[in-house]
Amino acid sequence: MEKIAIIGAGLIGRAWAIVFARAGHPVKLWDHDASAVPNALRLIEDAARELRTAGLIDEEPDTISARLTPAATLAEAVLDADYVQENTAERLDVKRDVYAQMDAIAKPACILASSTSTIPASAFSEGLAGRHRCIVAHPVNPPHVVPIVELCPAPWTGTDVLARARALHEKVGQVPIVMNKEIQGFILNRLQAALLMEAWRLVGEGYVSAEDLDKTIKDGLGLRWSFMGPFETIDLNAPGGVRDYAARYGRMLYEQVAAVQHKPWDEPLISKIEAERRKVMPQAKHAQREAWRDRRLMALIAHKRGIGAED
3 MEKIAIIGAG LIGRAWAIVF ARAGHPVKLW DHDASAVPNA LRLIEDAARE
53 LRTAGLIDEE PDTISARLTP AATLAEAVLD ADYVQENTAE RLDVKRDVYA
103 QMDAIAKPAC ILASSTSTIP ASAFSEGLAG RHRCIVAHPV NPPHVVPIVE
153 LCPAPWTGTD VLARARALHE KVGQVPIVMN KEIQGFILNR LQAALLMEAW
203 RLVGEGYVSA EDLDKTIKDG LGLRWSFMGP FETIDLNAPG GVRDYAARYG
253 RMLYEQVAAV QHKPWDEPLI SKIEAERRKV MPQAKHAQRE AWRDRRLMAL
303 IAHKRGIGAE D
């Protein structure tokens, strides 16, 4: 089994640790804050218990925890790793510094992957001797529950590195997609941005409440999108498939959005939506609702695995 190093033991880092450890990989965990790793190990065991309860893992939580080893230094974590998942601060200067250190320490065949959601691999790997082994592996929060991972190479990332990264993520139960070239925000965030910008505009201009807009997604589009993507959705929504859908609705959809100019979210609009959300869910219940979200996602994943076997 490949040896994994997790650099950064926050929310995303510890979720990645679960992903690899539950698949049988030995994992070393390091964070610049020495107190973060012991705390992460406790939270990982708690999360493993929830996965076990949801039927998403067969092993006992302590079996998974036994595969995790705290590392005292970055060098100790990376030295014998076959794959590194970096989860440090979303700052270019931090990424460049960490990647320079990892590139100098890691063995030549080790893949250096970043969880960044905004910074392209080219920005922090250019100039490194081992820049060919650097890649973005962008997850969705939390990656131990939501399996998608966007693999985005720099222009100089080796094709073998991309293939090995994809094979590893498939082996550990993730669902990797491969980007053909870099773009700001990658794929998922750009799709999310398009929906969010229109959602804020519709609420801001008084067409609908924030609560009812959320219902439109969770009890409408989201139900279909939990099993199929937008292209399969439209393919099935017209008798003649994609071409038929384009002929029926393409021009109308274009006209709906062609003249729309989205604006930055200003303070009055932010306050409006914040107030509407707090009526639905007081801030004091935020952590409770986060835990509810993760349980519901676990149940959905378990259901999808079941129907996937039937399909």
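Sequential numbering of the sequence shown, starting at 3, is according to the working numbering. Don't be surprised by glycine CBs; every beta carbon is placed ideally from N, CA and C.
Quick check: what's the CA-CA separation for residue i versus residue j?
i    : j    : result
T147 : R295 : Per the sequence shown, the amino acid found at residue 147 is Val instead of Thr. In a straight line, the C-alpha of V147 is about 10 Å away from that of R295.
Q194 : A36  : 34 Å
I9   : C136 : 14 Å
F22  : I66  : 9 Å
E207 : A73  : 52 Å
E278 : A212 : 7 Å
Y101 : S127 : 7 Å
K217 : R98  : 42 Å
G308 : E92  : 36 Å
A261 : R253 : 13 Å
P178 : P266 : 32 Å
R69  : T235 : 41 Å
V80  : G15  : 15 Å
E232 : E78  : At residue 232 the sequence reads Pro, which differs from the Glu that was named. One C-alpha to the other measures close to 44 Å.
I107 : L31  : 16 Å
D237 : V259 : 21 Å
G57  : P145 : 17 Å
Q103 : L130 : 10 Å
I121 : R245 : 36 Å
A286 : G242 : 50 Å
R133 : R203 : 41 Å
D105 : W227 : 39 Å
L164 : M181 : 10 Å
D270 : G160 : The residue you asked about is not Asp; residue 270 is Pro in the sequence shown. Going from the Cα of P270 to the Cα of G160 covers about 48 Å.
I59  : V29  : 17 Å
T71  : S117 : 20 Å
V205 : M3   : 50 Å
D48  : H305 : 22 Å
Y256 : A19  : 43 Å
A301 : T55  : 10 Å
K274 : D268 : 10 Å
R291 : T90  : 26 Å
V142 : A17  : 10 Å
A25  : G310 : 19 Å
A240 : V138 : 37 Å
D95  : L76  : 17 Å
G224 : K281 : 23 Å
K220 : I303 : 16 Å
Tell me, to the nearest whole angstrom, how far the beta carbon of residue i is from that of residue j; I am working on the premise that it is less than 8 Å.
i    : j    : result
I6   : H34  : With 8 Å as the limit, I6 and H34 do not qualify as a contact, their Cβ atoms being about 19 Å apart.
L215 : A201 : 5 Å
E2   : R297 : Because the chain is modelled from 3 through 313, residue 2 falls outside the range shown and cannot be assessed.
H140 : S119 : 6 Å
A156 : E184 : 7 Å
K12  : A50  : Checking the displayed sequence, the identity of residue 12 turns out to be Gly instead of Lys. Contact doesn't hold; Cβ gap of about 17 Å is too wide.
M199 : H264 : 4 Å
The beta strand (DSSP E) with residue i in it runs from where to where?
i    : result
P155 : 150 to 155
L114 : 113 to 116
K30  : 29 to 32
I14  : No beta strand (DSSP E) contains I14, which is instead part of the alpha helix (DSSP H) from 13 to 24.
I9   : 6 to 9
P178 : 177 to 180
The alpha helix (DSSP H) that contains residue i, what's its start and end?
i    : result
H171 : 161 to 173
P40  : 38 to 55
P232 : 232 to 238
Inset, instruction - Could you tell me whether the stretch 71 to 88 touches the stretch 104 to 117, where touching means 3 or more Cβ pairs closer than 8 Å? - result: Flag = yes, the stretch 71 to 88 and the stretch 104 to 117 touch.
Inset, instruction - May I ask you to verify whether the stretch 40 to 55 touches the stretch 171 to 183, counting CB pairs closer than 8 Å and requiring at least 3? - result: Segment contact: the stretch 40 to 55 against the stretch 171 to 183, fewer than three CB-CB distances shorter than 8 Å; contact not assigned.
Legend entry - Inter-stretch contact (C-beta, 8 Å, three-pair minimum) for the stretch 151 to 160 and the stretch 174 to 192: Enough Cβ pairs lie closer than 8 Å, so yes.
Legend entry - 3 or more residues per run - each beta strand (DSSP E) lying fully within the stretch 68 to 122: DSSP runs (the beta strand (DSSP E)) wholly in the stretch 68 to 122: 70 to 72, 85 to 88, 113 to 116.
Inset, instruction - For the stretch 123 to 151, list the alpha helix (DSSP H) runs that are entirely contained and at least 4 residues long, ordered along the chain. - result: Under the rule that a run must span 4 or more residues, the alpha helix (DSSP H) segments found entirely inside the stretch 123 to 151 read 123 to 127.
Legend entry - alpha helix (DSSP H) segments (min. 4 residues) lying fully within the stretch 241 to 272: Taking 4 residues as the shortest admissible run, the stretch 241 to 272 contains the following complete alpha helix (DSSP H) segments, listed from N- to C-terminal end: 244 to 260.
Inset, instruction - Go through the stretch 188 to 230 residue by residue and report every complete run of the alpha helix (DSSP H) that reaches 4 residues or more, in order. - result: Complete alpha helix (DSSP H) runs here, min 4: 190 to 206, 212 to 218, 224 to 227.
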